[in-house]
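The structure appears below as structure tokens.
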Amino acid sequence: MTTALFAQYLFAGITYGILYAIVAIGFNIIYNTTGIINFAQGEFVMLGGMIAITFNALFPLPVAIILAVMTTMLIGAAIEMIFIRWLDSPSVLRMIIITIGISILIRELALHIWGESVRALPYFQGNEISSVRILGTNISPQVLWVIGTCSVIVVCLSIFFKFTSLGREMRACSANRVAATLCGIDTKNMITFSFMLSAGIGALAGCVMSPITYTQYDGGTGMAIKGFTVAILGGLGNSMAAVAAGLLLGIIEAFSISVVPLAFQDAISISILLIILFIRPHGIFGRSDIARLKEF
Amino acid sequence: MSTKNIFHLAALAALVILVQMGTAWTETGYYLTQLTMIAYYSLLIIGLCMLMGYAGQISLGHAGFFGIGGYISAALTSHNFAPYQSNPFVNFLISNGLLVGRTDLYGETLLSFHPWPACIIAISFTFITAFIIGIPVLKLKGHYLAMATLGFGIIIYRVVLATEAFGEADGLSEVPGFELLPGLVVSGDFDARIENYYIAWGFVLLGIVLLLNLTNSRVGRALRAIHGSEEAAQAMGVNTARYKLYIFVLSAVFAALAGVFLTHYNGGVGPSETGIMKSVRYVAIVSIGGMANIWGPLIMGVILNFMSLRGLLGSYDDVVFGVILILVMLFAPHGILRLNVWSRLRLFFFPTPAKSSPLKENQ
Chain R
1 MTTALFAQYL FAGITYGILY AIVAIGFNII YNTTGIINFA QGEFVMLGGM
51 IAITFNALFP LPVAIILAVM TTMLIGAAIE MIFIRWLDSP SVLRMIIITI
101 GISILIRELA LHIWGESVRA LPYFQGNEIS SVRILGTNIS PQVLWVIGTC
151 SVIVVCLSIF FKFTSLGREM RACSANRVAA TLCGIDTKNM ITFSFMLSAG
201 IGALAGCVMS PITYTQYDGG TGMAIKGFTV AILGGLGNSM AAVAAGLLLG
251 IIEAFSISVV PLAFQDAISI SILLIILFIR PHGIFGRSDI ARLKEF
Chain A
1001 MSTKNIFHLA ALAALVILVQ MGTAWTETGY YLTQLTMIAY YSLLIIGLCM
1051 LMGYAGQISL GHAGFFGIGG YISAALTSHN FAPYQSNPFV NFLISNGLLV
1101 GRTDLYGETL LSFHPWPACI IAISFTFITA FIIGIPVLKL KGHYLAMATL
1151 GFGIIIYRVV LATEAFGEAD GLSEVPGFEL LPGLVVSGDF DARIENYYIA
1201 WGFVLLGIVL LLNLTNSRVG RALRAIHGSE EAAQAMGVNT ARYKLYIFVL
1251 SAVFAALAGV FLTHYNGGVG PSETGIMKSV RYVAIVSIGG MANIWGPLIM
1301 GVILNFMSLR GLLGSYDDVV FGVILILVML FAPHGILRLN VWSRLRLFFF
1351 PTPAKSSPLK ENQ
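Protein chains in written order, with my numbering: chain R, 1 to 296; chain A, 1001 to 1363.
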């Protein structure tokens, strides 16, 4: 393998890996505050891309993206308020089925609104053929946009959770919901906010990836499964580990193309998910004694 | 088996006969085609109901098992082995009567597996797969179990979609009929519609008898204990891992059998049969029907599949399933047939509950 080819695979791996990490962080935010896995997480990514494409016909690109992210956040909040807020300690099986139902609903509504056609946002800079030369290989500037945006999201989120009072309240909520309530934190609002936040970052990821991976009504499921794989790989609930796990999965996937046919790419990442679930269900970076105390 | 169950079974058998007579009388025999397909889907659904309702384990990968059964049987019975006649293994199969010749539309002789050995291979393969997958998967709970089974389903879907022997995106077609006994063929043949209807529902009745017997046995009690609380069951000396595996494999075999027969009935199978949406749909039907009872999912399965197969839902097919799924899980998590409408209404109009109700709950 030449250096150029190696760099090519590496950049492809990092691009996809960091996108998976963003989706995984979306899973983690909701999991931390509610203890449920939102199976509709991938649909937020799809919605973000689709809404931005629609708004882009009317507004310039940055405005369209901001509007799309805000709309998706509102949708996320609405979903939480309509379907989840008033349920009194529902069972895990019930929540799985409800969120799967929500994801079907969003996907089918998207099919009726936007149709089956494959769409894409325009490239943020240049076009399909413009390229930047790094490490002896040509990559699209959009790849840098994806990596940059996702890194900014990760940094902003960690600052938000560490240094703002809202972020601290959310962390308190995830550590112990009852204790958080006793401290005067409105846990119900925190849960709504966690849905908004995770819908928002999902939508932003959907926007930046749209020019490269395209957006289609059923594109969310694949992202959700990869994102979940990454969340498990890093250890459920741990956002920083999700970034490392995301990059790992992305790079494994990218290099797997050089060994097995492209058609089996998804099968490989899901096999990794299964193997991790079987041998290390608490993730590569998680601790088994902590995981045992959690309710999956 | 209790008299109540025998009564239910007799009622179902009578209904099956009545529906057939009804369609013959009103000359709407074309409904039998969908009703036959529904019967095979019902076979899968009652199997999944055992896993979800009695043992309390979710599986989002049952379309995968359905696909394994259907695809292996279809590939073995439709693939032409004639070019490999010189191969000693193929020769061995021919001399044992496992491969049979038949002529295709263009008068050429094809050499492929007889449906019986193909079916046995498909079921054995499903059995082994379910066994191997089941051991690690069933150690998982909740979200992890759901995702692991979903992942299994996707792998099967991807493999089918990428394998040339399985027809890739086109699927397999021109699958011959399945001759169960001489003169009794499972196929989409127009003249054999009534026979096929009875064969299919006969399988469903057999399946129900088997499962009902199972639920009233030691195994059934063990499974219900696991559903109630796995830890408590374990403390009482129930080998939870083994029973969960048994029921997982059993429901997988039911799914594969449904796949085999439906494939021979339809004369083909496509990748969408193994897709995630199919698995979700089966889970939806079981949860809508109320899990811990075979009859609820069976009835809901017949109604929903009938609407879906007749195209009554149009392009809103999946939306309807999604909406029903959410509504049922929000308002009636034990299934709509278990929604005690009368007592709810009574409670609504007369807020003080009737005196006998707490006693009834205990019984």
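C-beta atoms are modelled at their ideal positions from N, C-alpha and C, and glycine is treated no differently.
Not a single CB atom of chain A sits nearer than 8 Å to the CB of R:A77. When Cβ pairs closer than 8 Å are counted between the two stretches, the segment 1214-1224 of chain A is seen to touch the segment 1054-1074 of chain A, the count reaching three or more.
The C-beta separation of R:T15 from R:G136 comes to about 18 Å, leaving the pair out of contact by the 8 Å criterion. A:I1068 and A:F1203 have their C-alpha atoms roughly 19 Å apart. Judged by beta-carbon spacing, R:M196 lies beyond the 8 Å limit of R:M46, meaning their Cβ atoms are not closer than that value. Secondary structure of R:R119 (DSSP, three-state): strand. When Cβ-Cβ separations below 8 Å define contact, R:D266 makes contact with chain A.
Sequence-ordered contacts of the segment 1274-1296 of chain A with chain R read I1276, M1277, V1280, V1283, A1284, S1287 [C-beta pairs closer than 8 Å]. With a beta-carbon spacing of about 5 Å, A:F1166 and A:Y1071 fall inside the 8 Å limit used to define contacts.
In the DSSP assignment, R:S174 falls within the alpha helix (DSSP H) that extends over 165-175. R:I104 and A:V1328 have their alpha carbons spaced roughly 15 Å apart. Boundaries of the alpha helix (DSSP H) harbouring A:F1131: 1115-1137, taken from the DSSP string.
For R:I37, the three-state secondary structure derived from DSSP is coil. Between the segment 1260-1279 of chain A and the segment 1164-1180 of chain A there are three or more C-beta pairs closer than 8 Å, enough to call the two in contact. For R:G101, the nearest CB of chain A lies under 8 Å from its own CB, placing it at the interface with that chain. Counted as a single uninterrupted DSSP element, the beta strand (DSSP E) harbouring A:V1186 occupies residues 1184-1186.
Measuring C-alpha to C-alpha distances from A:I1038 to each of A:A1200, A:A1011, A:G1101, A:V1253 identifies A:A1200 as the nearest. A residue is called buried once 16 or more other Cβ atoms fall within 10 Å of its Cβ, and R:M209 is buried on that count.
Chain R has a Cβ within less than 8 Å of the Cβ of A:F1321. Proximity of R:I252 to chain A, defined by a Cβ-Cβ separation below 8 Å, is not satisfied.
With respect to the 8 Å criterion, A:T1036 and A:Y1197 are classified as neighbours on the basis of their beta carbons. When CB distances to chain A are screened at a threshold of 8 Å, the residues of the segment 200-224 of chain R falling below it are T221, in chain order.
The residues N32, T33, in chain order, have a CB closer than 6 Å to that of R:S174 in the same chain once the five nearest residues on each side in sequence are set aside. Interface criterion met: the Cβ of R:A263 is under 8 Å from a Cβ in chain A. Using a Cβ distance threshold of 8 Å, R:G42 and R:I201 do not count as a contacting pair. Scanning its chain for C-beta atoms nearer than 6 Å, with the 5 sequence neighbours on each side dropped, one finds around A:G1267 the residues V1175, G1188, in chain order.
The DSSP-derived three-state label of A:S1173 is strand.
Residue range 92-114 is occupied by the alpha helix (DSSP H) that includes R:R107. Taking the Cα positions, R:T164 is about 14 Å away from R:F193. Contacts between A:M1329 and chain R, judged by CB atoms closer than 7 Å, involve R94, I97, I98, G101 in chain order. Here DSSP, grouped into helix, strand and coil, assigns R:V132 to strand. If you check the CB distance, R:A203 and R:L19 do not come in under 8 Å. With respect to chain A, the C-beta atom of R:P281 has a partner C-beta closer than 8 Å.
Using a Cβ distance threshold of 8 Å, R:L277 and A:A1146 do not count as a contacting pair. Residue environment for R:Q216: buried (at least 16 other C-beta atoms within 10 angstroms of its C-beta). Taking the CA atoms as reference points, A:L1043 sits about 33 Å from R:E116.
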